[in-house]
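Novice: The structure's right below; bear with me while I get my questions together.
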Amino acid sequence: MKSSYTLYQILDSLNLLKDRPSYWWPNAGTFEVIVGAVLTQNTTWHNVERSLDNLHPYLTLETFLTLNEAHLKSYIRPSGFYNQKAPRLLMLAHKIKEVFGTFESFQKTVTREWLLSQKGVGPETADSILCYACFREEMVVDSYTKRFLESHGIILSSYDAYKAYLEEGIKKHFKKNISLHFARFHGMIVEYNKQMKQKDHALK
DNA sequence: GGCCAGGTGTAAA
DNA sequence: TTTACACATGGC
Numbered sequence: 053m054k055s056s057y058t059l060y061q062i063l064d065s066l067n068l069l070k071d072r073p074s075y076w077w078p079n080a081g082t083f084e085v086i087v088g089a090v091l092t093q094n095t096t097w098h099n100v101e102r103s104l105d106n107l108h109p110y111l112t113l114e115t116f117l118t119l120n121e122a123h124l125k126s127y128i129r130p131s132g133f134y135n136q137k138a139p140r141l142l143m144l145a146h147k148i149k150e151v152f153g154t155f156e157s158f159q160k161t162v163t164r165e166w167l168l169s170q171k172g173v174g175p176e177t178a179d180s181i182l183c184y185a186c187f188r189e190e191m192v193v194d195s196y197t198k199r200f201l202e203s204h205g206i207i208l209s210s211y212d213a214y215k216a217y218l219e220e221g222i223k224k225h226f227k228k229n230i231s232l233h234f235a236r237f238h239g240m241i242v243e244y245n246k247q248m249k250q251k252d253h254a255l256k
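Residue numbers (my numbering): 53 to 256.
What follows is the structure, given as structure tokens:
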């Protein structure tokens, strides 16, 4: 089923196109985004924040690499799945150091394929890192985004299908700063869902 | 007390 | 190529 409205029309009708934060992921453009992107897998952002607070002194590539697995597990405990996430994050950080040397070099030269070949990095995590840590033209599709589109009659079959739909829909309206607009739209959709949730909760 | 959250990897059909 | 399941804490 396909909606007769464009993505832009849907967002416009919800009055979501004005005064939105730009790169809405906290501390966009830093190594911290990589940690947050993995920690938030099937986990609320609220719990991720607790872990990030614990990790406060270790949120650069260089300082993160000084952590051992046991310490990392204890710090990220609040965001769940720590037995999986700790070794995967450490492995990812070490590979970034080994292959790219610095986080800045990683930002400039990493590819989506490279990220997807790392254990613990699937399509959403890869796109979050590319868009919010590296400022690339990659749209993130998360469960909020899927839910949002589905609730407006846009049901597609795969992650890549949703990604292509969003990227094409947004590119139709903007010619410059595409990465920024991808980030803005993703932010709008997430914020919209949060507002709806609060509304639901208030009605109970 | 049960259900769910800004997914991913693995194994079996 | 699809489907089922493990992974784990914290909020409601």
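All C-beta atoms, glycine included, are put in the ideal place defined by N, C-alpha and C.
Can you grab the Cα-Cα spacing for the pair Thr161 / Lys149, in whole Å?
Specialist: In a straight line, the C-alpha of Thr161 is about 13 Å away from that of Lys149.
Novice: Cutting at 7 Å between CB atoms, please list the residues of its own chain near Ser74, excluding the five before and the five after it.
Specialist: Around Ser74: Leu232, Ala235, Arg236.
Novice: Rounded to whole angstroms, what's the CA-CA distance from Gln247 to Tyr196? Just pull it up for me.
Specialist: C-alpha separation (whole angstroms): 12 Å.
Novice: What does a CB cutoff of less than 7 Å around Tyr127 pick up in its chain, not counting 5 residues either side in sequence?
Specialist: Once the five neighbours on either side are set aside, the close Cβ partners of Tyr127 are Ser103, Asn106, Leu107.
Novice: I need the straight-line Cα distance from Ala80 to Tyr57, nearest angstrom please.
Specialist: Roughly 31 Å separates the two Cα atoms.
Novice: Using CA coordinates, which residue listed in His204, Gln61, Leu111 is at the minimum distance from Glu84?
Specialist: It is Leu111 whose Cα lies nearest to the Cα of Glu84.
Novice: Checking 8 Å against the spacing of the C-beta atoms, do Pro175 and Tyr211 come in under that value?
Specialist: In this structure, Tyr211 lies closer than 8 Å to Pro175 by Cβ.
Novice: Helix or strand or just coil, what does DSSP make of Asn120?
Specialist: In this structure, Asn120 counts as coil in the three-state DSSP scheme.
Novice: Just checking my contact of Ala89 with Ser180 at CB under 8 Å: how many whole Å lie between their CB atoms?
Specialist: Going by Cβ atoms, the distance from Ala89 to Ser180 rounds to 4 Å, so yes, they are a contact pair.
Novice: Assess contact between the segment 95 to 102 and the segment 59 to 66, defined as three or more Cβ pairs (one per stretch) separated by less than 8 Å. Is contact present?
Specialist: Short answer: they don't touch.
Novice: According to DSSP, is Thr115 helix, strand or coil?
Specialist: In this structure, Thr115 counts as helix in the three-state DSSP scheme.
Novice: Could you check whether the segment 184 to 194 touches the segment 207 to 223, counting it as contact only if at least three pairs of C-beta atoms, one from each stretch, sit closer than 8 Å?
Specialist: Flag = yes, the segment 184 to 194 and the segment 207 to 223 touch.
Novice: What does a CB cutoff of less than 6 Å around Leu119 pick up in its chain, not counting 5 residues either side in sequence?
Specialist: Cβ within range, chain order: Tyr110.
Novice: Taking its Cβ as the centre, do 16 or more other Cβ atoms sit within 10 Å of Glu114, making it buried, or is it exposed?
Specialist: Exposed, because fewer than 16 other Cβ atoms sit within 10 Å of the Cβ of Glu114.
Novice: Pick helix, strand or coil for Ile86, following the three-state DSSP scheme.
Specialist: DSSP places Ile86 in helix when its eight states are reduced to three.
Novice: Output the distance between the C-alpha atoms of Glu165 and Ile207, rounded to the nearest integer angstrom.
Specialist: The alpha-carbon atoms of Glu165 and Ile207 are separated by roughly 26 Å.
Novice: When you compare the CB positions of Tyr138 and Lys147, do they come within less than 8 Å of one another, or not?
Specialist: Inspection of the sequence shows that residue 138 is occupied by Ala rather than by Tyr. No, Cβ-Cβ distance for Ala138 and Lys147 is not below 8 Å.
Novice: In its own chain, which residues sit with a C-beta less than 7 Å from the C-beta of Lys198, not counting the 5 before and 5 after it?
Specialist: Only Tyr214 meet the Cβ criterion.
Novice: Taking the C-alpha atoms as reference points, what is the distance between Met143 and Ala178?
Specialist: Approximately 15 Å between the Cα atoms of the pair.
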